[in-house]
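Peer 1:
Numbering (our numbering), first residue to last: 10 to 360.
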């Protein structure tokens, strides 16, 4: 049904009033009044004009009062979210404008509801993952201690062994808590970066040396694509060391036996592109979008067997975001994965 504007409604009311006034005049005058037609025309015109103006004023005033009450409510809601609200002054477009504003508001709220649902799903998964990651070492510790209390403490063949296993479980719990604390500090901005200029190629050599034994246990070769000269970047050296360590460790965990991890540097004018690539098992496409979530594991059984907290890539992501950079990954199952990020060559100039 077509909507009528305030003007159209007032026009119809004015015509009705003019018609009624004309009919009453015709019946009362009985056709013998001097200047009958002129008086009929004047009476009908004045009645129409009066009815039109009065009804237009009353309708507009009534609608404006009701609509503006709704506008104020909508305005207050939007002000709480720092959203602009375009209030029309007056006119026939008042209702249409209100409809547009409400439609836009509902669209935004629908989008917010979808985001809240996603956040709620993420929260449930996160809590479930945290409880699972902590539950495993806690149950292990409980089992070892119970065995020792039940008589194993006097058994020299198992007492020291069980205490060492319990210690490893405690260390795993501490590592999880430390990583969660690091992510929390990065997200809240509490962790202050200390940027400096350094040679990232030399830093990568230090990381490779530290991971050499772990790589050697699986006969994985850590190497550079070429013999790089000093590659200077401006960043927090210790945090970037953590990024390179996590990426290298990840490539070893999911690399193939007798495989390799290759590090590459590319000149990008004011930035340096860093790539850490392996020829390991690769990652399925459906997992790539969630790879940097906390505790997300592509192969949960294999990941826990390999150790780690499940927070390494999440920490990498947050450290690079704190530097104003992003981490990217491309991967093909059975071929390998490549993680890449950029770092500035020098400090940003003050504006």
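Heads up, the beta-carbon is just placed ideally off N, CA and C, and yes, glycines get one too.
Select from 269, 172, 345, 197 the residue whose C-alpha is nearest the C-alpha of residue 293.
Peer 2: 345
Peer 1: Taking DSSP as the reference, what is the three-state secondary structure of residue 228?
Peer 2: coil
Peer 1: Between which residues of its own chain and residue 53 is the CB-CB distance below 7 Å, once the five residues before and five after are set aside?
Peer 2: 27, 30, 31
Peer 1: Just to confirm my understanding: we take residue 19, look at its own chain, exclude 5 residues before and 5 after, and list those with CB closer than 7 Å. What are they?
Peer 2: 61, 64, 65, 68
Peer 1: Looking at C-alpha atoms only, which residue of 296, 343, 319 is the closest neighbour of residue 143?
Peer 2: 319
Peer 1: With contact counted as at least three CB pairs below 8 Å, one residue from each stretch, are the stretch 237 to 252 and the stretch 192 to 204 in contact?
Peer 2: With a cut-off of 8 Å on Cβ pairs, the stretch 237 to 252 is in contact with the stretch 192 to 204, counting three or more such pairs.
Peer 1: State the beta-bridge partners of residue 345 as determined by DSSP.
Peer 2: 341
Peer 1: What does DSSP give as the partner residue(s) for residue 280 in the beta ladder?
Peer 2: 277, 353
Peer 1: State the DSSP-derived secondary structure class of residue 181, mapped to helix, strand or coil.
Peer 2: helix
Peer 1: Quick check on DSSP: helix, strand or coil for residue 235?
Peer 2: coil
Peer 1: For a quick check, are the C-beta atoms of residue 232 and residue 258 less than 9 Å apart?
Peer 2: no
Peer 1: For a quick check, are the C-beta atoms of residue 181 and residue 153 less than 9 Å apart?
Peer 2: no
Peer 1: If I'm right that residue 227 touches residue 266 with Cβ under 8 Å, what's the distance once you round it to whole angstroms?
Peer 2: 5 Å
Peer 1: Do residue 250 and residue 302 have their CB atoms nearer than 9 Å?
Peer 2: no
Peer 1: For the putative contact between residue 186 and residue 229, defined by C-beta atoms under 8 Å, what is the C-beta separation to the nearest angstrom?
Peer 2: Rounded, the Cβ-Cβ distance is 29 Å, inconsistent with contact.
Peer 1: By Cβ distance, which residues of its chain are closer than 8 Å to residue 289, with the 5 residues on each side in sequence left out?
Peer 2: Only 260, 263, 264, 265, 268, 345, 346 meet the Cβ criterion.
Peer 1: Which of helix, strand or coil does DSSP assign to residue 29?
Peer 2: helix
Peer 1: Taking buried to mean at least 16 other C-beta atoms within 10 Å of its own C-beta, is residue 336 buried or exposed?
Peer 2: buried
Peer 1: Assuming residue 163 is part of the beta strand (DSSP E), what are its boundary residues?
Peer 2: Here residue 163 belongs to no beta strand (DSSP E), and DSSP marks it neither H nor E.
Peer 1: Which residue's Cα is closest to the Cα of residue 253: 286, 55, 237?
Peer 2: Closest by alpha carbon: 286.
Peer 1: Between which residues of its own chain and residue 156 is the CB-CB distance below 8 Å, once the five residues before and five after are set aside?
Peer 2: 167, 171
Peer 1: Going by alpha carbons, who is nearest to residue 277 out of 43, 148, 355?
Peer 2: 355
Peer 1: Mind checking which residues open and close the beta strand (DSSP E) that includes residue 242?
Peer 2: 241 to 245
Peer 1: Which residues in the same chain as residue 340 place their Cβ atom closer than 6 Å to its Cβ, once the five residues preceding and following it in sequence are excluded?
Peer 2: 291, 292, 346
Peer 1: Use the C-beta contact count for residue 118: other C-beta atoms within 10 angstroms, 16 or more gives buried, fewer gives exposed.
Peer 2: Exposed is the label assigned to residue 118, since fewer than 16 other Cβ atoms lie within 10 Å of its Cβ.
Peer 1: Determine the direct distance from the alpha carbon of residue 57 to that of residue 23, and round the result to whole angstroms.
Peer 2: About 4 Å.
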